[in-house]
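> Got a structure here, written out as structure tokens. Questions coming.
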Amino acid sequence: IDFEISETSQGTFSSSINLIDGSKIYIGNDTGFMHLCAGLGISSYGLFGDTPTNYSDYSNKIIPITPRDIKLVGHGTMGMNKIYPEDTLEKIKEII
-18 IDFEISETSQ GTFSSSINLI DGSKIYIGND TGFMHLCAGL GISSYGLFGD
32 TPTNYSDYSN KIIPITPRDI KLVGHGTMGM NKIYPEDTLE KIKEII
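Using my numbering, you'd call the opening residue of the sequence shown number -18 and step up by one each time.
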């Protein structure tokens, strides 16, 4: 699989949009960029460690990735350190 890792926080909004343009997937935190990608039809794998996953219910393009051993994620869960790269990769493999 060919891929590029980009960090949107280091550029301008315009440069971030240029990175999104032509992307096939988004992997990252539940942020505005995740929602933007989903709105543009890009499959978006959102890391939901401290945000309720129902924030993504409006779009089938957002696939929530949640912490291990936590059934219900909400504000205050503090579960980002329980989302592991291998779990994320397995979730992506399920879909593609």
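Ideal placement from N, C-alpha and C gives every residue a C-beta, glycine not left out.
#1: Which residues mark the beginning and the end of the alpha helix (DSSP H) in which T0 is found?
#2: Around the Cβ of Y7, are there at least 16 other Cβ atoms within 10 angstroms (buried) or fewer (exposed)?
#3: What's the C-alpha gap between G13 and I23?
#4: DSSP three-state label for I73, please.
#5: Under three-state DSSP, which class holds L17?
#6: For L53, which residues in the same chain have their Cβ closer than 7 Å to its Cβ, ignoring the five residues on either side in sequence?
#7: At what residues does the beta strand (DSSP E) containing S24 begin and finish?
#8: Buried or exposed, going by whether 16 or more other CB atoms sit within 10 Å of the CB of G57?
Well, looking at it:
#1: Reading the sequence as shown, one finds Leu at residue 0 and not Thr. F(-6) to I1 is the extent of the alpha helix (DSSP H) around L0.
#2: buried
#3: 13 Å
#4: helix
#5: helix
#6: none
#7: S24 to L28
#8: exposed
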